[in-house]
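Down below is the structure, laid out as structure tokens.
Residue numbers (the numbering used here), protein chains in the order written: chain A, 39 to 215; chain B, 106 to 341.
So, in structure tokens, the structure goes:
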């Protein structure tokens with residue numbers, strides 16, 4: 039194998055016999071050294087960090103999925119809670135309305151009873167007043183009739199009888215009062 | 106325009122000092138890029154880290170398209186180093202070349218078949234190594250007689266052909282690019298008309314060379330993984 043730059047194009051050539059054995063060994067050595075150095079200082083760490091990133095991303099995705107699930111669960115819980123709260127509010131409102139209704143009934147009933155009582159008392163009062171008035175009237179009528187009668191009788195009575203009658207009358211009145 | 110390589114003998118080995126220089130420069134640049142990108146690693150990547158992660162993802166894509174990740178994962182560093190190294194090597198010869206005297210010092214290291222074939226042989230050697238390691242000697246040897254026993258010679262030829270094509274494809278592309286760039290540069294410096302005439306083709310060809318450099322780095326890595334998959338994959 040003649041390793042030479044046989045450059046007929048340039049019209050020139052370099053001539054030497056044999057193989058560039060030194061170049062071969064040097065090239066091999068340098069490549070192996072370069073390979074080892076790059077593996078140790080460049081590609082090794084780089085692949086490490088790439089792997090780390092892969093893991094990081096996988097982790098993040100997993101975490102995100104977990105968070106998503108959690109959020110879903112939470113939302114579900116919130117929805118249930120909201121529903122429950124709404125139902126409770128509904129029940130509370132219903133109760134309040136019922137209570138109000140009852141109270142209304144009670145108040146109305148009480149008012150009605152009060153009114154009835156007042157009416158009754160008033161009626162009784164009226165009755166009593168009427169009776170009193172009637173009694174008074176009756177009394178008045180009796181005394182007047184007596185007075186008229188006495189006036190009528192007066193003309194036919196003697197002086198003595200009259201005096202006697204007046205006395206009687208006065209006595210009667212005095213007793214009556 | 107005579108190009109000579111600065112050849113030196115040392116410990117009985119022949120060194121092309123320009124190759125040594127450019128291999129070192131390429132390695133240092135790749136190393137610096139990688140270190141700069143990974144100096145402050147963060148979970149949320151920024152700037153250079155994004156770039157290097159993109160490279161890794163790109164190589165990962167290449168590997169995933171040829172074999173399953175369980176077997177292919179171990180080749181990620183190899184593929185990433187390979188693609189960065191070859192890409193930087195291809196780019197180095199583009200902006201300029203440096204000649205000291207008659208000797209060419211600054212060029213793409215991948216414009217030398219020694220370098221590309223070394224890489225190719227290394228890759229093919231690795232495929233055999235991992236083939237034996239992952240499947241066992243028996244399975245590995247039996248693969249030469251599949252799907253039919255009489256294809257064994259072809260299988261043997263295939264191994265050498267793979268190695269040669271893998272290395273020479275890269276070399277040929279980059280070397281051709283550099284030659285044309287050299288010619289255009291020579292034309293550009295020859296005079297006023299030459300400069301005017303060479304400016305546009307020079308830019309076009311440099312753009313094309315960048316493209317070719319990217320493509321070749323990709324193809325080299327891709328074929329590495331294809332050969333690797335061919336050797337280590339269980340089902341045939």
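Where a beta carbon is used, it is the ideal one built from N, C-alpha and C, also for glycine.
Within the stretch 192-271 of chain B, the runs of alpha helix (DSSP H) at least 4 residues long that lie entirely inside it are, in chain order, 218-247.
DSSP lists B:121 as the bridge partner or partners of residue 112 (chain B).
With a minimum length of 4 residues, the unbroken runs of alpha helix (DSSP H) contained wholly in the stretch 56-117 of chain A fall at 59-75. DSSP places residue 296 (chain B) outside both helix and strand once states are collapsed to three, so it counts as coil. Between the C-alpha atoms of residue 276 (chain B) and residue 152 (chain B) there is a straight-line separation of about 32 Å.
When CB distances to chain B are screened at a threshold of 7 Å, not a single residue of the stretch 97-130 of chain A falls below it. For residue 125 (chain B), the neighbours in chain A by C-beta distance under 8 Å run, in chain order, 60, 61, 64. Around the beta carbon of residue 336 (chain B), 16 or more other beta carbons sit within 10 angstroms, so the residue counts as buried. Around the beta carbon of residue 162 (chain B), fewer than 16 other beta carbons lie within 10 angstroms, which makes this residue exposed. Contact annotation: residue 313 (chain B) and residue 282 (chain B) have beta-carbon atoms nearer than 9 Å. Chain-order list of chain A residues neighbouring residue 132 (chain B): 68, 69, 71, 72, by C-beta distance under 8 Å. The DSSP-derived three-state label of residue 181 (chain A) is helix.
The beta carbon of residue 217 (chain B) falls within 9 Å of a beta carbon belonging to chain A, placing the residue at that interface.
Distance from the CA atom of residue 293 (chain B) to the CA atom of residue 195 (chain B), rounded to whole angstroms, is 22 Å. Neighbours of residue 227 (chain B) in chain A, taken as residues at a C-beta separation under 9 Å, are given in chain order as 65, 66, 69, 70. Taking the beta carbon of residue 244 (chain B) as reference, no residue of chain A falls within 8 Å; the closest one sits roughly 27 Å away. One Cα belongs to residue 149 (chain A), the other to residue 131 (chain A), and the distance between them is close to 26 Å. Across the structure, residue 215 (chain B) and residue 191 (chain B) are spaced so that their CA atoms are roughly 7 Å apart. For residue 158 (chain B), the closest Cβ of chain A is nearer than 9 Å. If you draw a straight line from the Cα of residue 164 (chain B) to the Cα of residue 188 (chain B), it comes to about 8 Å.
With contact defined as three or more Cβ pairs closer than 8 Å, the stretch 167-184 of chain B and the stretch 114-130 of chain A are not in contact. Residue A:69 holds the alpha-carbon nearest to the alpha-carbon of residue 224 (chain B) among A:69, A:59, A:57, A:60. At a C-beta separation below 7 Å, residue 146 (chain B) has these neighbours in chain A: 83, 84, 87. Proximity of the stretch 221-241 of chain B to the stretch 264-271 of chain B meets the contact definition, three or more beta-carbon pairs being nearer than 8 Å.
At a cut-off of 9 Å between C-beta atoms, residue 135 (chain B) counts as an interface residue with respect to chain A.
Neighbours of residue 128 (chain B) in chain A, taken as residues at a C-beta separation under 7 Å, are given in chain order as 64, 65, 68. Distance from the CA atom of residue 80 (chain A) to the CA atom of residue 67 (chain A), rounded to whole angstroms, is 19 Å.
Residue 310 (chain B) is not a Cβ neighbour of residue 328 (chain B), given a cutoff of 9 Å. Residue 209 (chain B) and residue 154 (chain B) have their C-alpha atoms roughly 35 Å apart. Straight-line measurement puts the Cα of residue 299 (chain B) at about 50 Å from the Cα of residue 334 (chain B). C-alpha of residue 286 (chain B) to C-alpha of residue 234 (chain B): approximately 39 Å in a straight line. Not a single CB atom of chain A sits nearer than 9 Å to the CB of residue 163 (chain B). Residues of chain A with a Cβ closer than 8 Å to the Cβ of residue 190 (chain B) are, in chain order, 69, 72. Here the alpha carbons of residue 63 (chain A) and residue 160 (chain B) stand approximately 28 Å from one another.
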